[in-house]
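Below is one structure, written out as structure tokens, with a few remarks after it.
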Amino acid sequence: MTAEQLITTRERPVPASPPAETPECEASTCAGISTPEAVELHTAWPGWIPLLVIAVLVVCCVGFAIGRIGGW
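Every number in the working numbering is 2 more than the matching position in the sequence shown, counting from 1.
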């Protein structure tokens, strides 16, 4: 295989126009794979619920670690 054939086989066709859902500022390597996000997902969870879940997990892990150290 010559160098010219190698170069032409790796080239990908460029679409005539970008998809409508892809913003102009997005990288060309991402063109065509992004999908618009539903507006409902922006307000699905209040901001304090994920923080509360993280805090409970941290307290459980720290309590387990202290219990393991104390039981040893």
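For each residue, glycine too, the CB sits at the ideal point set by N, CA and C.
Per DSSP, the continuous alpha helix (DSSP H) segment holding Ala67 begins and ends at Trp50 to Gly73. Val61 and Val55 have their C-alpha atoms roughly 10 Å apart. When secondary structure is reduced to three states using DSSP, Glu39 falls in the coil class, being assigned neither helix nor strand.
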